[in-house]
Amino acid sequence: MLYKQSENKIYATILFLVWPFLSTFFAILNYREKWAKNIIWIFVAFFGYTMVISNEGMDANRYRDQFIEISEAGGETNLVKGIYAEDTGYVDVLKPFLDRLVSLFTNNYKILFLIYGLIFGYFFSRNIWLLLENIKQPIVSSSIILLILFSLINPIWNINGFRFWTAAQIFVYGCLLFFLKRDKIGIILSFIALFVHFSFMLPVLILFIYLFIGNRLTIYFYFFITSLFITEINLEVVRSSIEGILPVIFETKVVNYTNEAYREQKVAGFKNMNWYIIYNAFLLKYVIYLYFIFLYWKNRIKIRRNKAVYSLFSFILFYFGIANIVASIPSGGRFLTVAYSFAIALIYIYVQTYKDDLINFIVKVSLPILLLYIIVSIRLGFDTIGITTVIGNPIVALFMDKDRALIELIK
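Residue numbers 324 to 734, in the numbering used here, belong to the letters of the sequence shown in order.
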């Protein structure tokens, strides 16, 4: 048995060097092996290196330009210069630190994105395997769809928005580690997320409030239901309430995010989106609401007997309620995406833990909506997935200065 595992690990390593994309499927088929999650991890790093920046509006385009500017200036030996300073506007630690560190050794932005991929990919792979390893039973068909959906709510091409989405991966991993494994290191990891993106002060605050209040499933459920009817927040009230509370550098950022002009800009951009991008998340949200109502009304007694599931469900309802409220703030909708990750993780755990024909029926009925979200997420990935990512390997990638995104082959 050990020989077979070692042999498969060697095959997987060789396959990655020859054809990384195919090696991910081999890892998935052997997901019980310890090495499998590491193949996914290093593939995400490979994706970061080969990622195509296909349009100027992408965050990755700005990341690249910022890095090149630092490199051309001769690099920055003071790795923490300007962090949390008003003159630079840096309110995060990780990205400016990495930009300066990598600029000391190379001016190749692909190396920077490789490191982005290493960090994002570590937590991406660990989140998936935390769910896989938490359940010992064979994976049922409904759970396969839920796992795919979980991996595509915050997919690897979100490296394009490295700061927020990496913070999201870290926060989700920390919380799942704490709730499923009762590992207090998870709380520390969740706290670290705010050094990756300053806005995670809110999720971290929600977590700490939950830890103080504890499990109050009924209260959280009705708070969650109430939040569904709060469709707009007075931005002026938000701005005035934070004045004098946050440090100036953070206050400036929050004021910018709650600016009416910024809201109008976001609304205008939202109207220009394709229908499937708008409605796929909208439909998924209401499917999750249906799941939650079913879990509470029909199975709350059963859930209370499982401390991990009970605690996770309580926290998710509390988090989701606040995320629903702040979603009306410009860019606040991103916190709902984090809530979706938690929700799908919970539903997967429930489906795998309990033999419940009704929840399996609901999953099957909602399958078209789940598949729509999966398809749309993959379609968005085509904007950054390059030909080299799919058919190349690390050696080929070293000699590929330019690549084409998959979307260019379709249009």
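For each residue, glycine too, the CB sits at the ideal point set by N, CA and C.
Predicted model, so just to flag it, every value in this text is computed and none were measured.
**OP:** Report the option in Pro478, Pro343, Val527 whose CA atom is closest to the CA atom of isoleucine 645.
**Re:** Mapped onto the sequence shown, residue 645 falls at position 322. Of Pro478, Pro343, Val527, the residue nearest in Cα terms is Val527.
Secondary structure of glycine 484, DSSP reduced to three states: By 1-based counting over the sequence shown, the position of residue 484 is 161. Correct three-state label for glycine 484: helix.
**Item:** Rounded distance between the beta-carbons of serine 513 and glycine 497, thought under 8 Å
**Value:** Counting from one through the sequence shown, the residue named residue 497 turns up at place 174. Counting from one through the sequence shown, the residue named residue 513 turns up at place 190. At roughly 3 Å, the Cβ-Cβ gap stays under 8 Å, so glycine 497 and serine 513 are in contact.
task: Have a look at isoleucine 626 and leucine 470 and give me their C-alpha separation to the nearest angstrom.
output: For the purposes of this step, residue 626 is taken as residue 303 along the sequence shown, with counting starting at 1. For the purposes of this step, residue 470 is taken as residue 147 along the sequence shown, with counting starting at 1. Isoleucine 626 and leucine 470: Cα-Cα distance of roughly 21 Å.
Self-check item: Residue environment, arginine 449, which counts as buried when at least 16 other CB atoms sit within 10 Å
Solution: Position 126 of the sequence shown, counted from the first residue, corresponds to residue 449. Classification of arginine 449: buried, given that the 10 Å Cβ count is 16 or more.
Classify alanine 650 as helix, strand or coil using the three-state DSSP reduction. Your numbering for residue 650 matches position 327 in the sequence shown. Three-state result, alanine 650: coil.
query = To which residues of the same chain is tyrosine 445 closer than 7 Å at the C-beta, ignoring the five residues directly before and after it?
reply = On the sequence shown, position 122 is the one that residue 445 refers to. Cβ neighbours of tyrosine 445 beyond the five flanking positions: Trp364.
Hey, quick one: how far does the alpha helix (DSSP H) through tyrosine 372 stretch, first residue to last?
Here residue 372 refers to the residue found at position 49 when the sequence shown is read from its first residue. Segment 359 to 373, the alpha helix (DSSP H) holding tyrosine 372.
**Message:** Taking the beta carbon of isoleucine 670 as the centre, do at least 16 other beta carbons fall within 10 Å, making it buried, or is it exposed?
**Reply:** Here residue 670 corresponds to residue number 347 of the sequence shown, with the count starting at 1. Buried, because 16 or more other Cβ atoms sit within 10 Å of the Cβ of isoleucine 670.
For lysine 507, count neighbouring C-beta atoms within 10 Å of its own C-beta (all shown protein chains included) and say buried if the count is 16 or more, exposed if not. Numbered from its first residue, the sequence shown carries residue 507 at position 184. Flag for lysine 507 reads exposed.
Per-residue DSSP class, three states only, for glycine 380
Sequence index remark: in the sequence shown, residue 380 carries index 57 (1-based). The answer is coil: DSSP assigns glycine 380 none of H, G, I, E or B.
Round the Cβ separation of tyrosine 663 and isoleucine 476 to the nearest angstrom and send it over; I've been treating them as touching at under 8 Å. Here the question's residue 663 lines up with position 340 in the sequence shown. Here the question's residue 476 lines up with position 153 in the sequence shown. That belief holds up - the Cβ atoms of tyrosine 663 and isoleucine 476 are roughly 5 Å apart, short of 8 Å.
* Rounded C-alpha distance that separates threonine 347 from serine 466 -> As a first step, residue 347 is located in the sequence shown; it is residue number 24 there, counting from the start. As a first step, residue 466 is located in the sequence shown; it is residue number 143 there, counting from the start. Spanning the two alpha carbons is a distance of roughly 19 Å.
Exposed unless 16 or more other CB atoms sit within 10 angstroms - verdict on asparagine 597
One-based indexing of the sequence shown puts residue 597 at position 274. Counting Cβ neighbours within 10 Å, asparagine 597 comes out exposed, since fewer than 16 surround it.
Item to check | As assigned by DSSP and simplified to three states, the class of isoleucine 631 | outcome: On the sequence shown, position 308 is the one that residue 631 refers to. Contrary to the premise, residue 631 reads as alanine rather than isoleucine in this sequence. Three-state result, alanine 631: helix.
Exercise for review: Kindly identify the DSSP beta-bridge partner or partners of alanine 728.
Suggested key: On the sequence shown, residue 728 is found 405 positions in, with the first residue counted as 1. Its beta-bridge partners are Gly709.
Margin query: So, with DSSP's three-state summary, where would you put valine 590?
Written below: For the purposes of this step, residue 590 is taken as residue 267 along the sequence shown, with counting starting at 1. Any reading at valine 590 must be qualified, since the residue scores a pLDDT of 48, below 50, and its modelled position is unreliable; the value itself is stated next. Three-state DSSP puts valine 590 in a helix.
**Q.** Cα-Cα separation between asparagine 622 and phenylalanine 339, rounded to whole angstroms
**A.** As a position in the sequence shown, residue 622 is number 299, starting the count at 1. As a position in the sequence shown, residue 339 is number 16, starting the count at 1. Rounded to whole angstroms, asparagine 622 to phenylalanine 339 spans 44 Å at the Cα level.
9 Å Cβ cutoff met for leucine 635 and alanine 668: If you number the sequence shown from 1, residue 635 lands on position 312. If you number the sequence shown from 1, residue 668 lands on position 345. Yes, they are a contact pair.
Exercise. Can you tell me where the alpha helix (DSSP H) with methionine 524 in it begins and where it stops?
Worked result: To locate residue 524, count along the sequence shown from 1; it is residue 201. Here the alpha helix (DSSP H) through methionine 524 covers 524 to 536.
Is DSSP giving threonine 429 helix, strand or coil here? The sequence position of residue 429 within the sequence shown is 106, counting from 1. Correct three-state label for threonine 429: coil.
Do isoleucine 672 and isoleucine 458 have their C-beta atoms within less than 9 Å of each other?
-> Indexing the sequence shown from 1 puts residue 672 at position 349. Indexing the sequence shown from 1 puts residue 458 at position 135. In contact: isoleucine 672 and isoleucine 458 (Cβ atoms closer than 9 Å).
| task | Report yes if the C-beta distance between isoleucine 697 and isoleucine 351 is below 9 Å; otherwise report no. | result | Residue mapping note: residue 697 aligns to position 374 of the sequence shown, counting from 1. Residue mapping note: residue 351 aligns to position 28 of the sequence shown, counting from 1. No.
- Query: Can you list, in chain order, the residues of its chain whose CB lies under 6 Å from that of leucine 517, leaving out five sequence neighbours each side?
  - Reply: Counting from 1 along the sequence shown, the entry for residue 517 is found at position 194. Phe523, Met524, Val527, listed in sequence order.
If you drop the 5 nearest sequence neighbours on each side, which residues of the same chain put their C-beta closer than 6 Å to that of leucine 695? Looking up residue 695 in the sequence shown gives position 372. Same-chain partners within the cutoff: Asn603.
- Task: Output the boundary residues of the alpha helix (DSSP H) element that contains aspartate 680.
- Result: For the purposes of this step, residue 680 is taken as residue 357 along the sequence shown, with counting starting at 1. Note, aspartate 680: alpha helix (DSSP H), 680 to 688.
query = So, helix, strand or coil for leucine 551, using DSSP?
reply = Locating residue 551 in the sequence shown gives position 228, counting from the first residue. Residue state, collapsed to three classes: coil.
Give me, in chain order, the residues of the same chain whose beta-carbon lies closer than 6 Å to that of glutamate 731; leave out the 5 immediate sequence neighbours on both sides. Here residue 731 is taken as the residue at index 408 of the sequence shown, counted from 1. Within the same chain, glutamate 731 has no close Cβ partners at all.
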